[in-house]
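Enquirer: Numbering (the UniProt record's numbering), first residue to last: 1 to 266.
C-beta: ideal position from N, C-alpha, C; glycine also.
Keep in mind the model is a prediction, meaning the values are calculated, not measured.
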């Protein structure tokens, strides 16, 4: 009986219950500029799983962004919280964030596209240090990050899919006939004042002309930032405000989308 108890104790001590969510800093360079993101995954087992590049809102790589990545990763994905500003640019408030976004779009988004494309390459290269299937890669983003992953799609990148949560839809550069090769899911707040109807119409036309497989979901009453709980206490009149119903539905839509796009695990 004592041997059985000891054996059970050993099994319990080595079981997946003791697995933990890992957050590992990752740095890379584009030219002379250094970028610093965070790799997030559950080490519950060594089963290879799809990877997601997650571009945060305009505040960049923050504790809130890392928590979102943990919630998304679970034991299903390896997530790279991507830095598209540069290691030395970390906005401390909305004014600094607005300036950082303006700088990112200073050339119409060409530099931003290069940076998010490099983040995809960086994530793929983590397959030796994380349980990642580098052949199954997608991307998602929130607000500015949502706009950024749409820019990634506009490059013609071959990904499983991209998901934009309450991101802007405007194309800042001419398409030049580039085909959108990745499936696109846009999760939009129907009451978001920063995304007027004309932007939606133009986006749908753009996606059709690019031959994209696209979906756009409007959540009634939802405004900008609806999927980010850290905005729950914003003033009632604020256009940036968490919406519990829209948030739950949008995350369910994202999970269904990526489940379809990635299929079963290898």
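#1: Could you check how far apart the C-beta atoms of residue 173 and residue 150 are, in whole angstroms? I think they sit under 8 angstroms.
#2: Per the DSSP calculation, residue 219 is bridged to which residue(s)?
#3: Give me the Cα-Cα distance between residue 256 and residue 127, rounded to the nearest whole angstrom.
#4: Compute the Euclidean distance between the alpha carbons of residue 142 and residue 231, then round it to the nearest angstrom.
#5: Can you tell me whether residue 141 is helix, strand or coil according to DSSP?
#6: For residue 182, is the classification buried or exposed, using 16 other Cβ atoms within 10 angstroms of its Cβ as the cut-off for buried?
#7: Give the range of the beta strand (DSSP E) segment to which residue 42 is assigned.
#8: State the Cα-Cα distance for the pair residue 123 and residue 52, rounded to the nearest angstrom.
#9: Would you tell me roughly how many angstroms separate the C-alpha atoms of residue 178 and residue 73, rounded to the nearest one?
#10: Using DSSP with H/G/I as helix, E/B as strand and the rest coil, what is residue 165?
#11: I'd like the list of long-range same chain contacts for residue 184, defined as Cβ closer than 6 angstroms, with 5 residues on each side in sequence excluded.
#12: Determine the extent of the beta strand (DSSP E) in which residue 103 is found, giving its start and end residues.
#13: Residue 78: which of 120, 105 and 95 sits nearest, CA to CA?
#14: Between the alpha carbons of residue 135 and residue 50, how many angstroms are there, rounded?
#15: Taking Cβ to Cβ, would you say residue 175 is nearer than 8 angstroms to residue 139?
#16: With 16 other CB atoms within 10 Å as the buried threshold, where does residue 34 fall?
#17: I'd like the list of long-range same chain contacts for residue 25, defined as Cβ closer than 7 angstroms, with 5 residues on each side in sequence excluded.
#18: Under the three-state reduction of DSSP, which class applies to residue 23: helix, strand or coil?
#19: My understanding is that residue 118 touches residue 30, with C-beta atoms under 8 angstroms, so please give their C-beta distance in whole angstroms.
#20: Can you tell which of 60, 247, 203 and 234 has its C-alpha closest to the C-alpha of residue 220?
#21: Measure the alpha-carbon distance for residue 186 versus residue 165 and round it to whole angstroms.
#22: Please name the residue or residues paired with residue 51 in a DSSP beta bridge.
#23: Since residue 113 is in the alpha helix (DSSP H), which residue starts that stretch and which ends it?
#24: Starting from residue 210, follow the alpha helix (DSSP H) in both directions and report where the run begins and ends.
#25: Would residue 222 and residue 189 qualify as a contact pair, given that the criterion is a beta-carbon distance under 8 angstroms?
Expert: Reading from the atomic positions:
#1: With a Cβ gap of about 12 angstroms, residue 173 and residue 150 do not count as contacting.
#2: By DSSP's assignment, residue 219 forms a beta bridge with 189.
#3: Approximately 24 angstroms, taken between the alpha carbons.
#4: Their Cα atoms are separated by approximately 13 angstroms.
#5: Strand.
#6: Answer is buried; the Cβ neighbour count reaches 16.
#7: Note, residue 42: beta strand (DSSP E), 33-42.
#8: Rounded to whole angstroms, residue 123 to residue 52 spans 8 angstroms at the Cα level.
#9: Going from the Cα of residue 178 to the Cα of residue 73 covers about 31 angstroms.
#10: In this structure, residue 165 counts as strand in the three-state DSSP scheme.
#11: 153, 162, 212 and 214, listed in sequence order.
#12: Run containing residue 103: none in the beta strand (DSSP E); it sits in the alpha helix (DSSP H), 94-104.
#13: Looking at the Cα atoms, 120 is the closest of the given residues.
#14: When rounded, the separation of the alpha-carbon atoms in residue 135 and residue 50 is 8 angstroms.
#15: Taking 8 angstroms as the Cβ cut-off, residue 175 and residue 139 do not qualify as a contacting pair.
#16: By the 10 Å Cβ count, residue 34 comes out exposed.
#17: Once the five neighbours on either side are set aside, the close Cβ partners of residue 25 are 36 and 38.
#18: Strand at residue 23.
#19: The Cβ separation is near 5 angstroms, so the contact holds.
#20: The shortest C-alpha to C-alpha distance from residue 220 to any of 60, 247, 203 and 234 is the one to 247.
#21: The alpha-carbon of residue 186 is positioned some 6 angstroms away from that of residue 165.
#22: 78 and 137, per the DSSP bridge assignment.
#23: Secondary structure note for residue 113: its alpha helix (DSSP H) is the uninterrupted segment 110-124.
#24: Run containing residue 210: none; DSSP gives neither H nor E here.
#25: One thing to note: residue 222 has its Cβ within 8 angstroms of the Cβ of residue 189.
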